[in-house]
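First comes the structure, then the notes that go with it.
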Amino acid sequence: MEFDFNEEKNELLNEKRGITFQEIIEAIVTNGVLLNIKHPNEDKYPDQWMMVVNFNDYTYCVPYVVKGETWFLKTIYPSRKFLYLIGVEGD
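Counting from 0, one number per residue, gives the positions in the sequence shown under numbering that gives the first Met the number 0.
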């Protein structure tokens, strides 16, 4: 599998959320994916999937679309909802 992403979005994520697609890709390569599901809002995002990844002891959701052998990463956002996957109780 290969990963791709929008460079401008990557810069925006780094500025606004302090995380980059490169960091998430490294976390995936090193630790794997905690959860891989169809996007919860399938009506609005019918072709998207969502990975949950552990990065710096926190869970991040990474929506993506599959284009051939490439996973195109759309965004990254932290989520307390999946902390149980790394043994941490959320709110």
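We put the beta carbon where it would ideally sit given N, CA and C, even for glycine.
Below 8 Å on the Cβ atoms is my contact criterion, and I expect T74 with K8 to pass it. Report the Cβ-Cβ distance as a whole number of Å. The residue you call residue 74 lines up with position 75 of the sequence shown. The residue you call residue 8 lines up with position 9 of the sequence shown. Sure, about 7 Å apart at Cβ, within 8 Å.
Whole beta strand (DSSP E) elements within the region 10 to 64, 3-residue minimum: 34 to 37 and 48 to 54
Grouping DSSP H, G and I as helix and E and B as strand, with all else coil, what is K73? The residue you call residue 73 lines up with position 74 of the sequence shown. Looking at K73 - three-state DSSP - the assignment turns out to be coil, as it is neither helix nor strand.
Measure from the alpha carbon of F4 to the alpha carbon of each residue in P77, L33, V64 and Y83, then state which is nearest. Your numbering for residue 4 matches position 5 in the sequence shown. It is V64.
Mind checking N40: buried by the 16 CB within 10 Å criterion, or exposed? In the sequence shown, the residue the question calls residue 40 occupies position 41. Exposed, since its Cβ has fewer than 16 Cβ neighbours within 10 Å.
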